[in-house]
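Right, one structure below, let's go through it.
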Amino acid sequence: MTWRVQVLLGVVAGAVAACGPAGPIDDDAGVADPDGGFEPEPVLLVYENDPAPAAGDDLLFEWPDDTAPWRVVELDAVRSGDGVDIALTVDDDTESVLLLAQTTPNAFLIPVTVTGPGGEVYVTDTPPDDLLDADVTAARGFPAQLFSPARALVQRGTLSYLLPNTPDVLFAPGTYRARIGVFQAVGAEPVPASLPIRVAAVFKPKLAPGTPRTLHLTVTFQTPLLDAQSAPTDPMWAAAEQRVREVFGQAGIVVDDLVYQDLNMPAFDTVTLADETCDGADLSALFATTPAPARPTAQLFIVEAFSCTIGGFDVGPGIAGISGGIPAAWPLAANANGGVAVARSFFDDQPGQLGNIIAHEVSHALGLFHTQERSRPTQTDVFDIVSDTPEEEPAVLQNLMYFISNDFTDLTDGQAAVLRAHPLIQGP
Ligand SMILES: [Zn+2]
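According to my numbering, the sequence shown is numbered sequentially starting from 1.
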């Protein structure tokens, strides 16, 4: 086991799942107090309090074409205070829905509340009574959403939220309602913002029982030591690819149709992350190079290294991989949260773990949280929202989504169900 890969605590509730060194924590986190009113109106994208995006405004990108196998629907969104209220209706042919929202790049989005057709609470804005300060801190100001039955995290620029993100909540046909909040700052006291928001939903049709499930993977290389031509015959890469296939095979998912390509942008050999938070910056720019997908595919970037300064010290060499979100903002093109990045140089000393980390990061990007997060400095654990994942040693150590990387890659049935439900997982 290596202890070089640890989770960024703030990442439990962050837009980015960085599987790297312990990260900074806001000293004094607070609880958002959003306006919880919900009065949906049959109006498309009303911006009552602020300007709508202008035509050609490149701050707000286009949704992908509504082509099979996805059904992408831009949702009516009614502005209410510092957010919008939306409703989406799920029919009995829907396996899952990926809720997507976008605002200006440096603002933050979170589903403040989500309720099901029968009033089921998926995401609540009422925090539990027994919160620890560390929990509040870890949640970047949104502990109620972190501890909700269907956990929601705050994300920067682009919101992606998988419904359902755990098999422990009912997912039945009917109308789901959500309030999407927008904030110009998060942390101790989230600061609401009045900014344009667009909301869409990707509906994944149910696959016939017994249909094989496949994951298409596009691998983009940006490192001087590995490229699209050399990767297939590189021993470390070949072993990693095999490992990724084995891990997803546990969930009945065939990794199919691997595409290798080169980015040819050496400025991204080392991805420099924002100081102290180890997110955004070059990572957002890297993910934004992703072209519009012609078909469902996960986007994996292999770079040489990460760089991130915390307290004047570069912790980047200890970061193995980062997901643009839990889940990532797939299938959107050219957005800052739409990919997974893994640092090749991290594996010089442990080549056998490359495949494990790729599988771990892609699983974040498909919707899986760490089985547990350990907050600093109290060392309290925050467990995931899938009830069949282990919480005790040794089983907890053997799970793919344990917060410290090791040689184990187990998945539970519940985790497999989440992976299989994601819209990127398609039939053959
Ligand atoms: Zn992780």
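All residues carry an ideal CB built from backbone N, CA and C; glycine is no exception.
- Closest in alpha carbon position to Pro-232, among Ala-328, Gly-339 and Leu-258, is Leu-258.
- Here Arg-140 is not near Gly-181, since their CB atoms are 8 Å or more apart.
- For the pair Gly-311 and Leu-273, the Cα-to-Cα distance works out to about 14 Å.
- With contacts defined as CB atoms closer than 8 Å, Asn-335 and Ser-405 fail to qualify as a contacting pair.
- With a cutoff of 7 Å, His-422 does not count as near ligand 1, since its C-beta is closer than that to no heavy atom of the ligand.
- Membership of Val-169 in any alpha helix (DSSP H) is not indicated, and neither H nor E is assigned to it by DSSP.
- Pairwise C-beta distances place the region 108-117 in contact with the region 142-160, as three or more of them are shorter than 8 Å.
- Asp-269 sits close to Thr-223, with the two beta carbons spaced by under 8 Å.
- Taking all protein chains in view, the Cβ of Ala-421 is crowded by 16 or more other Cβ atoms within 10 Å, so the residue is classified as buried.
- With a cut-off of 7 Å, the C-beta of Phe-403 is classified as near ligand 1, since at least one heavy atom of the ligand falls inside that distance.
- Uninterrupted alpha helix (DSSP H) stretches at least 4 residues long and entirely within the region 206-252 occur at 235-249, given in chain order.
- The three-state reading of DSSP puts Ile-326 in coil, since its state is none of H, G, I, E or B.
- Distance between Ala-238 and Leu-195, taken at the CA atoms: about 46 Å.
- Distance from the CA of Glu-189 to the CA of Ala-144, rounded to the nearest whole angstrom, comes to 14 Å.
- Counting along the chain, no beta strand (DSSP E) covers Gly-414; the unbroken alpha helix (DSSP H) around it starts and ends at 413-421.
- Per DSSP, Pro-173 is not a residue of any beta strand (DSSP E), being assigned neither H nor E.
- For Ser-307, the closest alpha carbon among the candidates Val-123, Ala-320, Asp-130 and Ser-148 is that of Ala-320.
- At the C-beta level, Thr-309 and Asp-275 come within 8 Å of one another.
- Per DSSP, Phe-403 lies in no alpha helix (DSSP H) segment and is marked neither H nor E.
- Membership of Ser-80 in the beta strand (DSSP E) is indicated by the continuous run 77-80.
- With fewer than 16 other Cβ atoms inside 10 Å of its own Cβ, Asp-388 counts as exposed.
- Taking the Cα of Gly-339 as reference, the smallest distance to any Cα among Ser-323, Leu-263 and Val-154 is reached at Ser-323.
- Ranking Ala-150, Gly-118 and Pro-192 by CA distance to the CA of Asn-106 puts Pro-192 first.
- If you keep only unbroken alpha helix (DSSP H) runs of at least 4 residues inside the region 112-192, you get 133-138 and 143-146.
- Scanning Ala-138, Glu-373, Gln-242 and Ile-425 for the CA closest to the CA of Met-401 turns up Glu-373.
- The straight-line gap separating the alpha-carbon atoms of Phe-203 and Asp-262 is approximately 31 Å.
- Around the beta carbon of Ala-359, a 10 Å sphere encloses 16 or more other beta carbons of the protein chains shown; the residue is thus reported as buried.
- Pairing Val-255 with Leu-217 gives a Cβ-Cβ distance under 8 Å.
- Contact between Glu-120 and Val-90 does not hold, since the beta-carbon distance rounds to 13 Å and is not under 8 Å.
- Shortest Cα-Cα distance from Val-78 to any of Gly-116, Ser-284, Pro-173 and Val-199 involves Val-199.
- It is roughly 42 Å from the alpha-carbon of Asp-130 to the alpha-carbon of Thr-290.
- The bridge partners DSSP lists for Thr-94 are Pro-205.
- 8 Å or more divides the Cβ of Met-265 from the Cβ of Pro-351.
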